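According to the UniProt record's numbering, the sequence shown is numbered sequentially starting from 1.
Note that beta-carbon positions come from the ideal geometry of N, C-alpha and C, so glycine has one too.
Note that this is a predicted model, so its numbers are computed, not measured.
The structure appears right after this line, and notes come after that.
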Amino acid sequence: MRVGSEEHRRLLAVARGEEPPDLLVRGGTVANVYSGELLRADVAVSGGAIAYVGQSPPAPGPDTHVVEAGDAIVAPGYIEAHTHPWVLYDPVSLAGVAATLGTTTVVADTLFFHLQMGPERLAWMLDDLRGLPVNYLWVARLISQSEFPGERRLFSPEAAADLLAREDVIGTAEITRWPALAAGDGHLLEGIARARQANKVSDGHTGGASEARLPALVAAGITADHEAISAGEALSRLRLGLWTMLRHSSLRPDLPELLRAVTEEGVSTRRLILTTDGSSPEHIAEHGLVDGLLRTAVEGGVDPIQALRMVTLNPATWMRRDHELGGLAPGRRADILLLPDLSSFRPETVICGGRIVAEGGDLLVPLPSPDWEGYGARPRFDPSLPLEDPRLYPPRSTDPRGKIPVVELVSAVITRLREESLPEAEGLVRLRGAPGELLYAALVDREGRGVSRALLSNFAGERLEGLASTYNTTTQLLVVGRDPRAMGRAAARVRQMGGGIAIVADGRVVFELPLPVCGMMSPGSFAEVVSHNRRLSGELRSRGYPFHDILYTLLFLTCDFLPAVRLTPRGLLEVKSGRVLAPAGPPL
1 MRVGSEEHRR LLAVARGEEP PDLLVRGGTV ANVYSGELLR ADVAVSGGAI
51 AYVGQSPPAP GPDTHVVEAG DAIVAPGYIE AHTHPWVLYD PVSLAGVAAT
101 LGTTTVVADT LFFHLQMGPE RLAWMLDDLR GLPVNYLWVA RLISQSEFPG
151 ERRLFSPEAA ADLLAREDVI GTAEITRWPA LAAGDGHLLE GIARARQANK
201 VSDGHTGGAS EARLPALVAA GITADHEAIS AGEALSRLRL GLWTMLRHSS
251 LRPDLPELLR AVTEEGVSTR RLILTTDGSS PEHIAEHGLV DGLLRTAVEG
301 GVDPIQALRM VTLNPATWMR RDHELGGLAP GRRADILLLP DLSSFRPETV
351 ICGGRIVAEG GDLLVPLPSP DWEGYGARPR FDPSLPLEDP RLYPPRSTDP
401 RGKIPVVELV SAVITRLREE SLPEAEGLVR LRGAPGELLY AALVDREGRG
451 VSRALLSNFA GERLEGLAST YNTTTQLLVV GRDPRAMGRA AARVRQMGGG
501 IAIVADGRVV FELPLPVCGM MSPGSFAEVV SHNRRLSGEL RSRGYPFHDI
551 LYTLLFLTCD FLPAVRLTPR GLLEVKSGRV LAPAGPPL
């Protein structure tokens with residue numbers, strides 16, 4: 001938060017009582033996250049910053065906007081310290097719902113914007129999003145979530161350094177390919193070193209790392225982690241000096257278990273942060289954002305002020321921004337909430353940067369329409385790629401034993417490898433007569449550079465004739481189904497839409513969701529995206545999808561960091577060994 005000399009002069013004049021504030025929150029009870037107290041106090045604002053907190057505020061002038069707080073709790077705006085603003089929604093629609101729920105600062109991942117737009121156009125986008133009703137801060141990716149040719153040129157240390165030079169970029173993002181970091185990968189270590197040189201942080205990702213391997217990741221330079229799934233794992237990260245984010249998301253609703261570290265083990269909450277980690281639109285609509293985390297924490301036995309610290313002062317301190325964020329004190333950003341109590345945590349009034357942006361759950365400011373086309377956000381497809389040719393999708397039989405690898409889902413995102421002996425014709429595996437839970441799966445490069453193929457089990461039943469989606473970690477064309485012709489029609493429809501998800505049954509498209517923003521996001525309203533999410537979930541459940549989060553199943557089928565086998569641009573990857581079991585081949 002940069003304050004010009006005139007703004008600073010006026011801030012001091014208001015603090016001294018010599019000039020009237022622009023906004024005065026009068027008569028409430030301030031939740032002081034610095035002292036842990038609840039204090040009757042007024043809050044005076046000059047421009048976008050707090051000038052005064054106390055019981056003898058500067059007198060309002062004729063142009064001062066006075067907010068009578070009455071019996072309300074006056075609290076700092078919430079900080080979401082680790083999120084992914086591309087789970088069907090885009091940063092704009094997420095900002096709109098976040099503002100109404102009291103989340104005034106969002107720390108967001110740049111992955112798919114960088115992947116699709118490149119670093120220069122990404123920077124243009126970040127500039128344009130500064131006018132949103134919440135304060136976006138960003139983390140720069142050092143690599144993607146599924147290796148591809150040219151990855152390290154796109155995510156170069158120089159590109160990271162340029163982003164890290166920005167005030168709105170707080171550090172580097174999680175590195176999901178953590179074994180490479182632990183092994184001393186020079187590319188990753190250089191990116192972290194650039195963050196240190198800029199006095200910025202490096203977020204971590206240690207999912208699946210044993211206690212024996214965690215020290216190497218901390219020594220490599222990560223400063224925070226959000227992957228603990230038990231109280232014991234949270235403790236092991238705290239003991240190594242990591243800021244430990246306790247996650248409660250649509251995929252991993254683990255907060256009640258994680259909070260046992262506080263409520264049963266009695267550990268200090270000083271380095272604990274709460275996060276939703278990019279929940280689905282449907283989950284946010286039902287459970288909220290950071291407000292929902294606070295409700296869960298207090299219901300689980302955490303003191304309300306301690307819980308507030310975990311979403312205000314603690315994340316601000318981790319980000320090295322506590323001089324400007326995280327509490328109600330002079331010189332800090334005027335991110336202020338009026339809460340009816342310390343149990344619901346749903347704000348009646350939301351002030352962000354000194355501007356009233358929401359009241360009674362309604363957004364009061366317009367949302368911009370970014371120039372997604374100008375940023376180069378629309379995915380490119382080779383128009384000559386023969387997507388409707390049914391020969392594109394079945395695996396090729398190359399094993400001398402006649403065995404075909406099968407990716408079997410054992411949860412929404414975890415897989416295991418098994419093998420099947422199946423008939424073939426003209427070198428292509430055929431599913432006619434095979435168990436109904438077996439499907440074809442192919443990852444098709446949108447520009448025709450190759451196709452990775454396998455069979456998929458326990459995703460849906462044979463009623464799923466064809467599904468195609470660019471919504472995955474590669475943003476390439478993931479095509480799944482029992483019928484290669486239906487798969488081809490779905491893939492062709494996604495190409496026509498310029499990215500998205502389509503389902504084909506009985507020769508027609510029965511569901512479609514255009515995702516023209518990086519192949520991952522809809523530019524529509526948050527309410528529209530929630531409706532799409534619910535329809536998609538219903539369509540897949542009716543076709544046998546057995547798990548609770550279809551978006552993360554689609555997202556992670558193509559990643560290179562979760563057990564055990566994945567369909568990646570390189571081919572069918574055994575994650576732990578790094579071995580490619582079935583290399584990607586030409587389209588036909």
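Residue i, buried or exposed, once every other Cβ within 10 Å from all chains shown has been counted against 16
i: residue 200; result: buried
i: residue 336; result: buried
i: residue 545; result: buried
i: residue 344; result: exposed
i: residue 283; result: buried
i: residue 55; result: exposed
i: residue 362; result: exposed
i: residue 532; result: buried
i: residue 539; result: buried
i: residue 229; result: exposed
i: residue 183; result: exposed
i: residue 323; result: exposed
i: residue 186; result: exposed
i: residue 174; result: buried
i: residue 549; result: buried
i: residue 394; result: buried
i: residue 233; result: buried
Pick from the options that is closest to residue i, judged by C-alpha positions
i: residue 25; options: 15, 74, 4 and 477; result: 74
i: residue 292; options: 335, 248 and 160; result: 248
i: residue 526; options: 288, 588 and 276; result: 288
i: residue 470; options: 379, 194, 306 and 263; result: 379
i: residue 588; options: 120, 384 and 555; result: 384
i: residue 454; options: 431, 463 and 464; result: 431
i: residue 439; options: 448, 459, 422 and 447; result: 459
i: residue 23; options: 68, 120 and 6; result: 68
i: residue 142; options: 413, 272, 111 and 514; result: 111
i: residue 312; options: 281, 272 and 295; result: 272
i: residue 463; options: 537, 472, 441 and 437; result: 437
i: residue 87; options: 580, 577, 555 and 16; result: 555
i: residue 457; options: 429, 405, 18 and 496; result: 405
i: residue 570; options: 577, 576 and 560; result: 560
i: residue 43; options: 351, 552 and 35; result: 351
i: residue 151; options: 258, 578, 223 and 474; result: 474
Euclidean distance between Cα positions of residue i and residue j
i: residue 29; j: residue 39; result: 5 angstroms
i: residue 476; j: residue 445; result: 5 angstroms
i: residue 310; j: residue 8; result: 29 angstroms
i: residue 90; j: residue 521; result: 5 angstroms
i: residue 506; j: residue 213; result: 51 angstroms
i: residue 572; j: residue 149; result: 16 angstroms
i: residue 494; j: residue 485; result: 14 angstroms
i: residue 427; j: residue 392; result: 12 angstroms
i: residue 419; j: residue 32; result: 59 angstroms
i: residue 216; j: residue 237; result: 12 angstroms
i: residue 602; j: residue 308; result: Lying outside 1 to 588, the shown extent of the chain, residue 602 is not represented and no answer is given.
i: residue 198; j: residue 226; result: 23 angstroms
i: residue 584; j: residue 177; result: 21 angstroms
i: residue 424; j: residue 564; result: 26 angstroms
i: residue 211; j: residue 265; result: 19 angstroms
i: residue 305; j: residue 37; result: 8 angstroms
i: residue 325; j: residue 407; result: 45 angstroms
i: residue 386; j: residue 450; result: 12 angstroms
Anticipated Cβ contact below 8 angstroms, residue i with residue j, distance rounded
i: residue 489; j: residue 504; result: 5 angstroms
i: residue 79; j: residue 332; result: The Cβ separation is near 12 angstroms, so there is no contact.
i: residue 466; j: residue 483; result: 6 angstroms
i: residue 108; j: residue 85; result: 5 angstroms
i: residue 595; j: residue 171; result: Missing from the structure shown is residue 595; the chain here goes from 1 to 588 and no further.
i: residue 155; j: residue 518; result: At roughly 15 angstroms, the Cβ-Cβ gap does not stay under 8 angstroms, so residue 155 and residue 518 are not in contact.
i: residue 27; j: residue 77; result: The Cβ separation is near 19 angstroms, so there is no contact.
i: residue 269; j: residue 290; result: Not confirmed; about 15 angstroms, so no contact.
i: residue 263; j: residue 301; result: 4 angstroms
i: residue 133; j: residue 95; result: 6 angstroms
i: residue 347; j: residue 338; result: 6 angstroms
i: residue 20; j: residue 45; result: That belief does not hold up - the Cβ atoms of residue 20 and residue 45 are roughly 11 angstroms apart, past 8 angstroms.
Neighbour flag for residue i against chain D, beta carbons, 9 angstroms
i: residue 436; result: The chain labelled as chain D is not found in the depicted structure, where only one protein chain is given.
Let me know the beta strand (DSSP E) ranges lying completely inside the region 366-440, each 3 residues or longer, listed in chain order.
403-409 and 415-421
Continuous alpha helix (DSSP H) assignments of at least 4 residues falling wholly in the region 257-325:
260-263, 281-287, 290-299, 304-309 and 313-318
Quick one: which unbroken beta strand (DSSP E) runs of 3-plus residues sit fully inside the region 427-511? Chain order, please.
438-444, 451-457, 466-469, 477-481 and 500-505
What ranges does the alpha helix (DSSP H) occupy inside the region 172-222, keeping only unbroken runs of at least 4 residues that lie completely in it?
178-182, 186-197 and 214-220
Go through the region 31-81 residue by residue and report every complete run of the beta strand (DSSP E) that reaches 3 residues or more, in order.
37-46, 49-54, 65-68 and 73-76
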